[in-house]
Amino acid sequence: MSIGDVFHEFRKQQGLTQEEFAEQTFLDRSSVAKIENGKRPAPKDFMLRTATTFDEPRLYLAAQEEVTDGACVPWLDNSDLHRAATHYKSMEEAEEALAAMKTAPIMKRPDQLTAADREAIKVTIFECVEAITALTHHVAVLCKEYTFSWLGIWKEHRAELKAKKYMK
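Using full-length UniProt numbering, the first residue of the sequence shown is number 1, and each one after it goes up by one.
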């Protein structure tokens with residue numbers, strides 16, 4: 001799904017016209033229409049402004065996908081995103097990732113790996129990516145359901161990482 005499709009779907013879910021959406025995101029209506037129709041790329045500042053204006057996890061993920069060309073968590077628009085479903089799916093995926101991590105031969109240097117070792121590491125990577133995807137959706141659902149700010153949660157997390165000296 002393109003970023004324009006995501007904006008269009010979100011705008012409709014919010015019951016906003018293109019004009020109302022444009023007013024809230026400081027863009028003219030015709031530009032919103034062109035972005036939604038894929039006739040114009042979404043400017044980075046518009047993607048950021050839209051995500052922060054609505055503090056909507058899906059918009060942040062869509063902007064990330066647009067900027068990274070897909071090197072990020074995709075929005076699962078065909079999944080059960082009820083908080084209970086994401087809760088249990090996240091636990092399942094995390095357990096699978098932990099199990100794969102326990103068997104990955106990471107103590108070996110790259111030049112010591114056999115083909116089977118490389119495959120085990122690749123399986124671990126995929127299990128971790130699946131866990132990241134599930135957990136990201138779970139956090140997104142919980143933020144929406146319980147009215148926590150997606151941006152606020154990430155800012156608080158970054159502050160914690162800086163306080164622990166994991167970041168400069």
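Just so it is clear, CB atoms sit at the ideal spot from N, CA and C, and this is done for glycine as well.
CA-to-CA distance, residue j to residue i, given in whole angstroms
{"i": "L59", "j": "H87", "result": "21 Å"}
{"i": "A104", "j": "L135", "result": "21 Å"}
{"i": "T133", "j": "S30", "result": "34 Å"}
{"i": "T114", "j": "Q24", "result": "56 Å"}
{"i": "H82", "j": "E145", "result": "9 Å"}
{"i": "K165", "j": "G15", "result": "44 Å"}
{"i": "A94", "j": "C128", "result": "7 Å"}
{"i": "C72", "j": "E66", "result": "9 Å"}
{"i": "M1", "j": "T68", "result": "14 Å"}
{"i": "I153", "j": "L161", "result": "12 Å"}
{"i": "I121", "j": "K89", "result": "22 Å"}
{"i": "Q64", "j": "Q112", "result": "36 Å"}
{"i": "A84", "j": "N78", "result": "16 Å"}
{"i": "G70", "j": "T147", "result": "27 Å"}
Check whether residue i and residue j have beta carbons under 8 Å apart
{"i": "H137", "j": "L76", "result": "yes"}
{"i": "Q18", "j": "A33", "result": "yes"}
{"i": "F10", "j": "E56", "result": "yes"}
{"i": "A131", "j": "A97", "result": "yes"}
{"i": "T124", "j": "M101", "result": "yes"}
{"i": "E54", "j": "L27", "result": "Residue identity check: residue 54 is Phe in the sequence provided, not Glu. Contact: no."}
Given residue i as reference, the closest of the options once Cα atoms are compared
{"i": "K44", "options": "G4, V123 and I153", "result": "G4"}
{"i": "S149", "options": "T52, R29 and F10", "result": "T52"}
{"i": "A62", "options": "K162, A140, A85 and E92", "result": "A140"}
{"i": "T50", "options": "E20, S90 and L142", "result": "E20"}
Local conformation of residue i per DSSP, three classes
{"i": "D28", "result": "coil"}
{"i": "D55", "result": "coil"}
{"i": "T147", "result": "coil"}
{"i": "L48", "result": "helix"}
{"i": "S83", "result": "Looking at the sequence provided, one finds Arg at residue 83 rather than Ser. The answer is helix: DSSP assigns R83 an H, G or I state."}
{"i": "C72", "result": "coil"}
{"i": "I106", "result": "coil"}
{"i": "A140", "result": "helix"}
{"i": "L113", "result": "coil"}
{"i": "Q90", "result": "First, the residue type needs correcting, since residue 90 is Ser and not Gln in the sequence shown. Three-state DSSP puts S90 in a helix."}
{"i": "Q64", "result": "helix"}
{"i": "D5", "result": "helix"}
{"i": "L16", "result": "coil"}
{"i": "K168", "result": "coil"}
Near the ligand FAD: residue i beta-carbon under 7 Å from a heavy atom
{"i": "I132", "result": "This structure simply doesn't include the ligand FAD, nor any ligand for that matter."}
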